[in-house]
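One rule links them: number in this note's numbering = place in the sequence shown (from 1) + 4.
Beta carbons: idealized from backbone N, C-alpha and C, even for Gly.
Structure record follows, encoded as C-alpha cells.
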Amino acid sequence: MSPAAPAAVRDRLRIAIQKSGRLSEPARALLASCGLAWRESRDRLFCYGESLPIDLLLVRDDDIPGLIADGICDLGIVGRNVLRERALAGEGATAPREWRALGFGGCRLALAVPQEESWSDASQLAGRRIATSYPGTLAAWLRERAIDADVVTLSGAVEIAPRLGKADAICDLVSSGATLAANQLKPVVTLLESEAVLAGPAAPFGDVRSELAALLLRRLDGMLKVKDSKLLLCQVTRGMLDELLQLLPDAEAPTVTSIDGGDRIALQALCRGALTWQRLEDLKRAGAQALMVLPVERMLA
Ligand code: PRT
Ligand code: ZN
C-alpha cells in the first residue's frame with residue numbers, strides 16, 4: 005500500500021507523462037494544444053509550466069499510477085491497460101481513476117494461442133499456462149469466469165513464451181496484430197480495449213489545483229469534442245433544407261441563417277463523420293451551393 009498523500013497545499017498542478025515511448029509525443033502535443041508551454045530542466049525530467057502553473061514530470065509509464073496514488077503527481081497520461089493493471093494488482097482504494105479517454109494510443113489486451121490450435125471458448129484455458137505482463141488483469145478476468153489457469157508473469161518478450169515452452173497461451177497488448185502473426189499466434193479473446201487516458205485521484209484536491217484541473221479539463225474537452233469534426237458551410241433554398249439535413253445525420257445543432265431575409269439560407273453545421281468528395285457531391289445534388297469544409301481546432305461551449 006502506498007503512503008498517504010502529502011498534506012502540503014500545492015499551488016501548481018503536476019502532470020506525469022511518459023518520458024519516451026508510444027505515448028510521450030502525443031501526450032505533450034495534446035497538452036500543448038490546450039495552451040500549455042514549458043521550460044525543460046537540464047536533465048529533461050521536469051518541465052516547468054510557463055504559460056500556466058502546470059508542470060510535467062517525465063517518467064516511465066508504469067510509474068504513473070503510483071506517482072498519482074502517492075500524491076507526487078496530481079494527474080497523469082497513461083494507457084488504460086497500465087492504470088487498470090495497477091488498480092487490480094493491489095493499489096485498491098488509493099488507485100487513481102480514469103478522468104478522460106484521450107483518443108490516442110489505441111490497442112487491446114488480448115489472449116492469443118498458437119495458430120494451429122482450434123479455439124472454441126475460454127474454458128479450454130483451464131489447467132493451462134498463460135504468460136503475461138498483466139497478471140492482475142488476467143487473474144481478475146479468469147476469476148470472473150471461474151477458469152482455473154496458471155498465470156505466468158513475464159516482464160517482456162511475452163509473445164515468444166509459447167515457442168520457448170514456457171506457456172501454452174499469452175495475454176498481451178495487440179494493435180496491428182503483426183507481432184502475434186510473426187510468432188505464429190492468433191488473438192482469440194479481448195480482455196480490455198485500451199487507449200491513453202487522463203488519470204487523476206478519486207478525491208478532489210481541495211486547493212487551487214482543483215481550479216487548474218477544471219481549467220485543463222475544459223480545454224481538453226474542447227479539443228476532444230471537435231476531434232475528427234469538420235465545419236460544413238453551404239447555402240440552400242429554404243424548401244430544400246429538410247432533404248439536405250437528412251443527408252447530414254452527423255450534423256450537430258446546425259445553424260440556419262436567412263440571407264437578406266429572402267428564400268436563400270446559409271447553413272453551418274459541425275459534422276462528426278468524414279465529409280468526403282462523394283458526400284459533398286450528394287449534398288450538391290440535393291440543392292446545396294457554395295459548399296465549404298473547414299477544420300475545427302477547439303471549442304468552448
Ligand atoms: O519505457 P516505458 O516503460 O515508459 O515504456 P513501455 O515500453 O512500457 O511502453 P510503450 O511505449 O511500448 O507503450 C506505452 C503504451 O502504449 C502502452 O501501455 C499501451 O497503452 C500503448 N500501446 C498502444 C501499446 C501498443 N499500442 C503496442 N502495440 N503498447 C505496446 N504495444 C506493443 C505490444 O506489447 C506488442 O509487443 O507492440 C507489440 C504489438 O504491436 P502489433 O502492432 O504488432 O500488434
Ligand atoms: Zn512501461
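Which residues in the same chain have their Cβ closer than 8 Å to the Cβ of Val193, if we skip the five residues on either side of it in sequence?
Ala114, Leu115 and Ala126
Under a Cβ-count criterion, where at least 16 other Cβ atoms within 10 Å of its own Cβ denotes burial, should Leu220 be classed as buried or exposed?
Flag for Leu220 reads buried.
The region 40 to 52 in contact with the region 60 to 75 per 3-pair CB rule at 8 Å
Segments in contact, yes.
Going by the DSSP bridge assignment, what does Gln272 pair with across the sheet?
Partner residues in the beta bridge of Gln272, as assigned by DSSP, are Leu237 and Thr259.
Alpha carbon to alpha carbon, what distance is there between Leu35 and Arg18?
12 Å
Check whether the Cβ of Glu29 sits closer than 7 Å to any heavy atom of the ligand PRT, and report yes or no.
no
Taking Val300 as part of the alpha helix (DSSP H), name the residues at either end of that continuous run.
Annotation for Val300: no alpha helix (DSSP H) segment contains it, and DSSP assigns it neither H nor E.
Mind checking who Phe50 pairs with in its DSSP beta bridge?
Leu61
At least three beta-carbon pairs within less than 8 Å, the region 121 to 135 to the region 195 to 204
The region 121 to 135 is not in contact with the region 195 to 204.
Run the CB neighbour count on Asp65, radius 10 Å, all protein chains shown included, and call it buried at 16 or more, exposed below.
buried
Gln22 and Ala31: beta carbons closer than 8 Å?
yes
Can you tell me the Cα-Cα spacing of Gly109 and Ser262, whole angstroms?
44 Å
Once the 5 residues before and after Leu79 are set aside, which same chain residues still bring their CB inside 8 Å of it?
Leu17, Arg18, Ile19, Ala20, Ile72, Trp103, Leu202, Ala203, Gly204, Ala217 and Leu220
C-beta contact flag for Arg276 and Ser214 at 8 Å
No. Outside cutoff.
Would you identify the three-state DSSP class for Gly160, choosing helix, strand or coil?
coil
Along the chain, where does the alpha helix (DSSP H) containing Lys288 start, and where does it finish?
Trp281 to Arg289
Between Cys175 and the ligand PRT, is the CB less than 7 Å from at least one heavy atom?
no
Considering only DSSP beta bridges, list what Arg133 is partnered with.
Its beta-bridge partners are Asp154.
Distance, Leu129 Cα to Ile164 Cα
18 Å
Which whole runs of the beta strand (DSSP E) in the region 156 to 229 are 3 residues long or more, in chain order?
The region 156 to 229 contains these whole beta strand (DSSP E) runs: 173 to 178, 189 to 198 and 200 to 204.
Would the C-beta of Ser159 count as close to the ligand PRT, meaning under 7 Å from any of its heavy atoms?
no
Is it the case that the Cβ atoms of Leu248 and Leu295 are separated by a distance below 8 Å?
no
Looking at Val297: is its Cβ nearer than 8 Å to the Cβ of Leu279?
Inclusion of Val297 and Leu279 in the CB contact set at 8 Å is warranted, their separation being smaller than that value.
Collect the residues with a C-beta less than 6 Å away from any heavy atom of the ligand COA and give them in sequence order along the chain.
No copy of the ligand COA appears in this structure; the ligands present are the ligand PRT and the ligand ZN.
Give me, in chain order, the residues of the same chain whose beta-carbon lies closer than 7 Å to that of Lys229; leave out the 5 immediate sequence neighbours on both sides.
Met303
Should Glu285 be labelled buried (16 or more other beta-carbon atoms within 10 Å of its own) or exposed?
exposed
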